[in-house]
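Asks: Structure in structure tokens, see below.
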Amino acid sequence: MAETTTHVAEPTRRDFLFIATGAAAAVGGATLVWPFIQSLAPDAATVAAGAPVEVDLSPIAAGQIVKVFWRGKLIFVRNRTPEEIKAAEDVNLASLRDPQPDSARVKPDHAQWLVVYGNCTHLGCVPLGNQGEYNGWFCPCHGSVFDTSGRVRGGPAPINLPIPPYAFVSDTKIIIGQEEATA
Amino acid sequence: MSQYSTTYVPKSSFGKWFESRLPIASLVHSSFIAFPVPRNLTYFWTFGAILVFMLVAQIVTGVFLAMYYTPNAALAFQSVEHIMRDVNYGWLIRYLHANGASMFFVAVYIHIFRNFYYGSYKAPREVLYILGVIIFILMMATAFMGYVLPWGQMSFWGATVITNLFSALPVVGETIVSFLWGGYSVGNPTLNRFFSLHYLLPFMIFGVVILHVWALHVPGQNNPTGIPIKSGKDAVPFTPYATIKDIFAVVVFMIFFAYWVFYIPNYLGHADNYIPANPAVTPAHIVPEWYFLPFYAILRAIPDKLGGVIAMFSAILVWFLMPWLDTSKVRSTAYRPLYKQFFWVFVAVCILLGWLGAKPAEGWYVIVSQIATAYYFIHFLVILPVLGFVERPLPLPNSILESVMGVQKGGAGMPAGANAEPQSKG
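One line per chain: the protein sequences are A and B, in this order.
First residue of the first sequence: 1, per my numbering; consecutive thereafter.
First residue of the second sequence: 1, per my numbering; consecutive thereafter.
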């Protein structure tokens with residue numbers, strides 16, 4: 001191997017060029033990574049498929065839970081019986097892991113209808129309806145328990161089943177995916 | 001080794017011409033032919049070769065499966081059935097690949113616990129060991145993504161549960177998960193990218209394996225005594241001794257492998273994965289593949305989402321620290337009477353965790369999981385460091401030769417000092 005000489009005592013214009021070139025390459029490299037990372041995000045077709053969906057409530061009997069999908073995510077629409085509503089309202093909020101009154105989880109004058117995301121907030125399994133200690137939901141994967149308001153009451157789930165954006169178009173029809181009934 | 005040449009001298013003129021341009025023949029010769037191997041290696045040291053064989057087998061069967069498989073959420077399940085029913089010998093290739101993953105993990109767990117038992121992770125083999133842990137992590141990622149591809153119920157819900165682990169991260173969790181999914185739930189974009197990565201990762205594993213083997217060839221292999229090769233009499237050349245022994249072990253392992261493939265090809269799978277993925281229904285009892293069960297038990301033992309995820313990842317990450325957590329100067333557990341007991345307790349705890357991981361997370365299973373999880377970490381963080389100080393190890397043999405042949409007075413006419421060969425210095 002031939003010896004190469006690189007040692008120079010003073011900083012030179014060549015040193016400046018080295019640093020400038022290196023900096024440009026670093027910035028360029030980082031910029032190039034951006035589109036690749038972004039391509040992993042939900043794409044335009046997936047976002048477009050998230051248009052609001054209407055759900056007709058009239059065929060849902062008292063006590064029945066219906067599964068619908070919005071943006072590929074499972075949503076439970078539950079027609080609660082008076083006992084289930086009472087059980088959800090008569091709860092000492094201080095005892096809850098994620099304290100939330102039942103009234104904050106339903107629309108005014110529509111306490112009968114509970115609309116929640118259908119994936120357990122622990123690791124995403126689908127909890128089984130009308131089961132568990134509080135007769136709300138029970139997740140078979142890791143044992144999380146939810147009450148008739150979809151609030152976590154036991155197991156590893158950290159938070160309540162979230163409420164998707166929805167609104168009542170009429171007393172028997174909701175639209176999931178928007179907060180205003182202007183469909 | 002005196003009867004074997006240790007340096008490669010090309011014989012033909014073409015060999016000389018090629019050697020001066022690309023010295024690959026001498027690299028192979030010094031690494032896999034003349035390379036000195038401790039003469040006391042047991043069959044536990046053949047699992048490196050078995051693992052190389054399994055990696056190649058998985059890549060070959062996988063490349064063929066990719067020719068017949070369709071990575072699309074609407075078509076994937078049917079394409080797997082197409083492989084099973086229509087493709088010539090498709091059933092064989094798929095069963096080889098699916099059971100091959102399990103065999104790969106059988107071999108890697110034996111390899112890992114052999115390393116734990118004989119202290120192979122200790123200086124000067126820390127980098128070799130850390131590369132091995134990286135390979136193991138890549139293997140787990142590859143196996144997980146491969147299991148998603150048939151797009152059955154276990155595929156779908158396994159993917160949902162494992163990707164949701166990242167949602168436990170504060171602030172950025174939900175964003176990371178949507179970037180993993182390419183949507184708002186596990187769906188077609190998820191399947192597409194998992195297929196792409198499942199094809200990529202084995203080649204990354206192959207790359208790290210090359211580094212792993214390279215790092216192995218710097219200090220040479222550890223051995224059942226844990227003491228280094230001190231003279232040529234402690235070693236035999238890699239070829240034919242290790243080569244033939246490795247090939248024999250691979251063949252025996254293939255018989256074991258074949259038993260699963262031909263007699264109980266679905267034993268290690270789940271019946272639920274023959275039901276197409278349904279995002280509205282989770283199977284009543286979801287469990288990961290057997291090789292993930294101990295880690296899954298640790299995840300479920302912690303009654304807190306983030307805590308469980310941290311504990312599970314820590315269970316593997318703690319391996320990285322092992323060369324520094326183990327304070328004992330003695331490598332081989334054969335000379336560590338106290339650690340030997342703790343080692344087997346640790347093995348039992350790992351198996352117990354695996355058993356618990358397959359049980360529902362309720363009642364006393366949870367309590368036992370918590371105790372076993374606590375012990376798992378205590379083993380690494382308390383027992384390993386403390387034992388090095390309190391344990392009195394057994395006397396080590398003077399050499400590998402002595403451990404095999406017994407103490408030889410005068411060494412069969414060998415002049416005194418002949419053991420002190422210059423190549424062992426430094």
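From the three backbone atoms N, C-alpha and C, an ideal C-beta is built for every residue, glycine too.
Quick caveat, the model's predicted, so the values are computed rather than measured.
Leaving out the 5 sequence neighbours to the left and right, which residues in its chain are closer than 7 Å to B/Ser30 when beta-carbon positions are compared?
Replies: Closer than 7 Å at Cβ, skipping near neighbours: Tyr8.
Asks: Does the CB of A/Gly129 have a neighbour CB from chain B at under 7 Å?
Replies: With 7 Å as the cut-off, A/Gly129 does not count as an interface residue toward chain B.
Asks: Quick check on A/Ala126 - is its C-beta less than 7 Å from some C-beta in chain B?
Replies: The question names Ala, yet the displayed sequence has Val at residue 126 of chain A. For A/Val126, the answer is yes, since a Cβ of chain B falls inside 7 Å of its Cβ.
Asks: Three Cβ pairs or more, each shorter than 8 Å: is that satisfied between the region 162 to 172 of chain B and the region 216 to 226 of chain B?
Replies: No: fewer than three Cβ pairs fall under 8 Å.
Asks: Are the CB atoms of B/Phe64 and B/Pro276 nearer to each other than 7 Å?
Replies: Their beta carbons are not under 7 Å apart, which means B/Phe64 does not touch B/Pro276 by this criterion.
Asks: Within the continuous alpha helix (DSSP H) that includes B/Glu126, where are the two ends?
Replies: Its alpha helix (DSSP H) spans residues Glu126 to Val148.
Asks: Going by the beta-carbon positions, is the gap between B/Ser369 and B/Ala315 smaller than 7 Å?
Replies: Taking 7 Å as the Cβ cut-off, B/Ser369 and B/Ala315 do not qualify as a contacting pair.
Asks: Would you mind telling me which residues of chain A sit closer than 8 Å to B/Ile286, beta carbon to beta carbon, in chain order?
Replies: Near B/Ile286 (Cβ distances below 8 Å), the residues of chain A are Cys125, Pro140 and Cys141.
Asks: Closer than 9 Å by beta-carbon distance: list the chain B residues that pair up with A/Asp98, in chain order.
Replies: None at all; the shortest Cβ gap to chain B is about 12 Å.
Asks: Any residues in the region 61 to 84 of chain A with a beta carbon nearer than 8 Å to a beta carbon of chain B? Which ones, in chain order?
Replies: Per Cβ criterion, the list reads Lys67, Phe69, Arg71, Gly72, Lys73 and Leu74.
Asks: Please report how far the alpha carbon of B/Gly308 lies from the alpha carbon of B/Thr243, in whole angstroms.
Replies: Approximately 44 Å, taken between the alpha carbons.
Asks: Roughly how many whole angstroms lie between the Cα atoms of A/Asn160 and A/Gln100?
Replies: Each residue's alpha carbon lies about 9 Å from the other.
Asks: Listing by chain order, which chain A residues have their CB less than 8 Å from the CB of B/Glu402?
Replies: Here the premise fails: no neighbours, minimum Cβ distance about 44 Å.
Asks: What residues of chain B sit near A/His122, judged by a beta carbon separation below 7 Å?
Replies: The contacting residues are Lys305.
Asks: Taking B/Phe292 as part of the beta strand (DSSP E), name the residues at either end of that continuous run.
Replies: B/Phe292 -> no beta strand (DSSP E), and no H or E assigned at all.
Asks: Taking the beta strand (DSSP E) that A/Gly154 belongs to, which residues open and close that run?
Replies: Segment Val152 to Gly154, the beta strand (DSSP E) holding A/Gly154.
Asks: Go ahead and pull the three-state DSSP assignment for B/Pro337.
Replies: Three-state DSSP puts B/Pro337 in a helix.
Asks: Nearest chain A C-beta to B/Arg336 closer than 7 Å, yes or no?
Replies: It does not: the Cβ of B/Arg336 has no partner Cβ on chain A nearer than 7 Å.
Asks: Measuring alpha carbon to alpha carbon, tell me which residue in B/Phe195, B/Phe248 and B/Leu131 is nearest B/Gly207.
Replies: Per the Cα distances, B/Leu131.
Asks: Apart from the five residues just before and just after B/Ile475, which ones in its own chain have a Cβ nearer than 8 Å to its Cβ?
Replies: Residue 475 of chain B cannot be examined here, being either before or after the span of chain B that is shown, 1 to 426.
Asks: Tell me the residue span of the alpha helix (DSSP H) that contains B/Trp17.
Replies: From DSSP, the alpha helix (DSSP H) with B/Trp17 extends over Ser13 to Glu19.
Asks: Tell me the DSSP secondary structure of B/Asp272 in three-state form.
Replies: Of the three classes helix, strand and coil, the one that applies to B/Asp272 here is helix, per DSSP.
Asks: For B/Asn398, which option in B/Pro228, B/Cys350 and B/Ala258 has the closest C-alpha, if you only look at C-alpha atoms?
Replies: Answer by Cα proximity: B/Pro228.
Asks: Cβ atoms of B/Leu401 and B/Ala427: under 7 Å apart, would you say?
Replies: Past the edges of chain B, shown from 1 to 426, lies residue 427 of chain B, and the structure says nothing about it.
Asks: At what residues does the beta strand (DSSP E) containing A/Tyr166 begin and finish?
Replies: Counting along the chain, the beta strand (DSSP E) containing A/Tyr166 begins and ends at Tyr166 to Ser170.
Asks: Rounded to whole angstroms, how far is the Cβ of B/Met54 from the Cβ of B/Ala107, which I believe are closer than 8 Å?
Replies: Between B/Ala107 and B/Met54 the Cβ distance is about 6 Å, and since that is below 8 Å, they are a contact.
Asks: DSSP three-state label for B/Asn398, please.
Replies: Coil.
Asks: Determine the chain B residues that contact A/Ala30 at a beta-carbon separation under 7 Å, and present them in chain order.
Replies: None at all; the shortest Cβ gap to chain B is about 17 Å.
Asks: Over what stretch of residues does the alpha helix (DSSP H) that includes B/Val318 continue unbroken?
Replies: Where B/Val318 is concerned, the enclosing alpha helix (DSSP H) stretches over Lys305 to Phe320.
Asks: Of the residues A/Glu84, A/Arg151 and A/His122, which one's Cα is nearest the Cα of A/Gly63?
Replies: Minimum Cα distance to A/Gly63 is reached at A/Glu84.
Asks: So is B/Ala418 in contact with chain A if we call contact Cβ pairs under 7 Å?
Replies: The pLDDT assigned to B/Ala418 is 42, lower than 50, so where the model puts this residue is not dependable, and the model offers no usable value.
Asks: So what does A/Val116 bridge to, in DSSP terms?
Replies: The partner list for A/Val116 (beta bridge, DSSP) reads A/Phe76.
Asks: Measuring alpha carbon to alpha carbon, tell me which residue in A/Leu32, A/Tyr117 and A/Ala157 is nearest A/Val66.
Replies: Here the closest residue by C-alpha is A/Tyr117.
Asks: Measuring only the C-alpha atoms, how far is B/Ser424 from B/Val52?
Replies: Below a pLDDT of 50, predicted positions are generally treated as unreliable, and B/Ser424, at 42, falls in that range; the measurement from the model is reported next regardless. Computed Cα separation, rounded: 29 Å.
Asks: Suppose you measure from the CA of A/Gly129 to the CA of B/Val56; what does that come to, to the nearest Å?
Replies: Each residue's Cα considered, the two are about 47 Å apart.
Asks: Between A/Pro165 and chain B, is the shortest Cβ-Cβ distance under 7 Å, so that the two count as touching?
Replies: Not closer than 7 Å to any Cβ of chain B, the Cβ of A/Pro165 fails to qualify, so no.
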